[in-house]
Amino acid sequence: IYILMVEKNKWENAVTYDTLTTILNRGVFMQNLKKEIERAQRYKIPLSYIMFDLDHFKNINDTFGHPTGDVVLSKMCENIKQIMRTSDYFGRLGGEEFGIILPETNITSAIQMAERIRKTIEDLYIQDGLKVTASIGLTALQTGDTLDSLYERADKASYMSKAERNKVSII
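Residues 15 to 185 in the numbering used here are what the sequence shown lists, from first letter to last.
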């Protein structure tokens with residue numbers, strides 16, 4: 015029975031979490047985003063959403079190798095989890111793209127968190143000569159928002175940050 019329970023837990027973890035970074039996978043993350051949007055709209059409470067990706071990540075993989083790229087991703091996630099609240103959600107959207115849901119968080123507090131994340135990534139040390147930065151987009155839930163509209167705004171804001179890199183942009 016114990017072996018079956020261990021195997022069941024492994025399977026459940028694989029369905030819920032990204033195996034490399036140990037944060038929520040895209041499917042579970044998006045379900046939580048939808049749930050938090052509905053909750054924020056129902057109770058008229060603030061909700062902020064951060065989307066980011068690592069700058070020039072392909073160059074990291076090409077220069078230092080994919081195993082080093084994996085270390086960058088897992089260490090970055092580990093460090094960001096340490097600065098998040100237990101009520102926040104952190105997920106891997108794909109490749110080097112990530113999202114963070116900040117329930118009950120207004121835009122002012124979300125800006126502070128986004129800057130902490132940017133700084134945490136910038137301060138990440140893996141090895142000499144390897145610099146990691148992120149382009150971060152931030153938005154807050156607005157009246158009438160859907161999952162798609164909130165997601166698209168955050169995505170657009172992150173693309174605005176890519177023009178300068180290592181920046182937080184807000185829409």
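We put the CB at the ideal spot given by N, CA and C, even for glycine.
Asked: According to DSSP, is M190 part of a helix, a strand, or is it coil?; Found: As shown, the chain starts at 15 and ends at 185. That puts residue 190 outside it, with no answer to give.
Asked: I97: buried (16+ other C-beta within 10 angstroms of its C-beta) or exposed?; Found: exposed
Asked: Which two residues bound the contiguous beta strand (DSSP E) that contains T36?; Found: It is not in any beta strand (DSSP E) - T36 carries neither H nor E in the DSSP assignment.
Asked: In terms of residues, what are the limits of the beta strand (DSSP E) holding D162?; Found: Where D162 is concerned, there is no enclosing beta strand (DSSP E), although the alpha helix (DSSP H) it sits in stretches over L161 to K176.
Asked: For the structure I just gave you, are there three or more beta carbon pairs, one from the region 134–147 and one from the region 115–124, closer than 8 Å?; Found: no
Asked: Less than 7 Å between C-beta atoms, sequence neighbours within five positions excluded: which residues of the same chain meet that for E129?; Found: V182
Asked: For I135, which three-state DSSP category applies?; Found: helix
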